[in-house]
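Trainee: First residue of the sequence shown? That's 21 in the numbering used here, and the numbers climb one at a time after it.
Here a beta-carbon is modelled for each residue, glycine too, at the ideal position from N, C-alpha and C.
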Amino acid sequence: MLYTVANGVIPPLVRAVWRPTVEGQHHVPATGPVIVASNHLSFFDSVVIPVVVPRKVVFLAKSDYFTGTGVRGSLTRAWFEGLGMLPVDRDDTKAAIASLDTALEVLRRGEAFGIYPEGTRSRDGRLYRGRTGVAHLALTAGCPVVPVGLLGTEDIQPVGASRPRLGKVDVTVRFGEPITVAGEYDGVPTGRARRDLTDRIMTAIAGLTGQEQAGVYNERSAAAT
Numbered sequence: 021m022l023y024t025v026a027n028g029v030i031p032p033l034v035r036a037v038w039r040p041t042v043e044g045q046h047h048v049p050a051t052g053p054v055i056v057a058s059n060h061l062s063f064f065d066s067v068v069i070p071v072v073v074p075r076k077v078v079f080l081a082k083s084d085y086f087t088g089t090g091v092r093g094s095l096t097r098a099w100f101e102g103l104g105m106l107p108v109d110r111d112d113t114k115a116a117i118a119s120l121d122t123a124l125e126v127l128r129r130g131e132a133f134g135i136y137p138e139g140t141r142s143r144d145g146r147l148y149r150g151r152t153g154v155a156h157l158a159l160t161a162g163c164p165v166v167p168v169g170l171l172g173t174e175d176i177q178p179v180g181a182s183r184p185r186l187g188k189v190d191v192t193v194r195f196g197e198p199i200t201v202a203g204e205y206d207g208v209p210t211g212r213a214r215r216d217l218t219d220r221i222m223t224a225i226a227g228l229t230g231q232e233q234a235g236v237y238n239e240r241s242a243a244a245t
C-alpha cells in the first residue's frame with residue numbers, strides 16, 4: 021500500500037522538479053524478471069531510476085535508513101519503503117552475502133531488481149570495474165540485464181550532500197538493449213562466465229555514458245553509499 025501511494029506522488033514530483041530526459045525506456049521489459057544495472061554517481065540515482073521506469077524496480081539500501089528514530093526517522097523509513105527499497109547491512113559480511121539471496125527472491129517473483137555493479141558511487145566521475153555479483157544474479161536467475169547510463173545526477177546530489185538541490189539540472193537516463201544470458205554460457209567455468217558477463221555489462225554502460233573507464237575497483241569511503 022505504501023509503495024502504491026508513494027508511486028502516485030514521488031514520480032510526478034521528481035519529473036516536475038528535475039525533468040529528467042529519458043532515452044531507450046522501451047528496452048525495459050514490461051513483465052518478467054530483469055536486472056537494471058547502472059553506473060553510480062549519486063544517492064539520487066536510486067530515486068530517478070524507479071521514477072522513470074514504468075514498473076517497480078527494487079533496490080537495496082543501507083539499513084541505517086530504516087532504523088532512524090523520531091519524526092525524521094519515520095519519514096526517512098517511509099520514503100525508502102515507498103520507493104520499494106529493501107534494507108541491507110553493508111558492514112556485515114554475512115548480511116551482504118544474504119542480500120544476493122534477497123535479490124534472487126525478487127527476480128524469482130518476476131520483478132525488476134536494480135543494482136550498481138561498481139559497488140559504490142564514483143567520486144571522480146570515472147566508471148569503475150564491475151563486481152561480479154550482477155552476473156551471479158543474471159546467470160542464476162537466467163534473466164536479461166538492461167544496462168543504464170546516468171548523466172548529471174551528481175549535480176543534483178553530490179557525494180557528501182545530505183539533500184538534493186532543487187531547480188533545473190540536466191539529467192539524462194539512457195537504457196540500453198537488454199543483454200541476454202540464456203544458453204550463452206553453457207559449459208563455461210563459473211568464474212570466467214561471471215567475469216565475462218560483468219565486463220560486457222560495464223562496456224555497455226560505458227557506451228551509454230561516455231565515462232572514462234578506471235580499470236580498477238572502486239573502494240567504499242565513509243562518505244559513499
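Measure from the alpha carbon of L214 to the alpha carbon of each residue in G150, E239, P74 and A98, then state which is nearest.
Mentor: The residue you call residue 214 lines up with position 194 of the sequence shown. A small fix is needed here, since residue 214 is Arg in this sequence, not Leu. Ranking G150, E239, P74 and A98 by Cα distance to R214 puts G150 first.
Trainee: Rounded to the nearest angstrom, how far is the Cβ of L159 from that of L124, given a contact under 8 Å?
Mentor: For the purposes of this step, residue 159 is taken as the residue at position 139 of the sequence shown. For the purposes of this step, residue 124 is taken as the residue at position 104 of the sequence shown. The pair is not a contact, with the Cβ atoms about 11 Å apart (cut-off 8 Å).
Trainee: Quick one: residues in its chain with C-beta nearer than 6 Å to the C-beta of L217, no 5 flanking neighbours on either side, listed in chain order?
Mentor: As a working mapping, residue 217 is identified with position 197 in the sequence shown. So the qualifying residues of the chain are A155.
Trainee: Who does Q233 pair with in a DSSP beta bridge?
Mentor: Counted from its first residue, the sequence shown places residue 233 at position 213. DSSP lists L147 as partners of Q233.
Trainee: How is the beta strand (DSSP E) around G134 delimited, first residue to last?
Mentor: As a first step, residue 134 must be located in the sequence shown, where it is residue number 114. Taken as a continuous stretch (DSSP letters only), the beta strand (DSSP E) holding G134 covers A132 to I135.
Trainee: Alpha carbon to alpha carbon, how far is E131 from F142? Give it in angstroms, no decimals.
Mentor: Counting from one through the sequence shown, the residue named residue 142 turns up at place 122. Counting from one through the sequence shown, the residue named residue 131 turns up at place 111. The displayed chain sequence assigns Ser, not Phe, to residue 142. In a straight line, the C-alpha of S142 is about 27 Å away from that of E131.
Trainee: For the stretch 220-238 against the stretch 169-184, are there 3 or more C-beta pairs whose distance is under 8 Å?
Mentor: In short, these stretches touch, since the Cβ pair count reaches three.
Trainee: Just the C-alpha distance for G235 and R146, rounded to the nearest angstrom, thanks.
Mentor: Position 215 of the sequence shown, counted from the first residue, corresponds to residue 235. Position 126 of the sequence shown, counted from the first residue, corresponds to residue 146. Cα-Cα distance, rounded: 9 Å.
Trainee: Out of C163, V48 and V67, which one is the CA nearest neighbour of E204?
Mentor: Taking the sequence shown and counting its residues from 1, the one referred to as residue 204 is at position 184. Cα-wise, what sits closest to E204 is C163.
Trainee: Report the three-state DSSP secondary structure of F86 (helix, strand or coil).
Mentor: Against the sequence shown, residue 86 aligns to sequence position 66. In the structure shown, F86 sits in a helix (DSSP, three-state: H, G or I).
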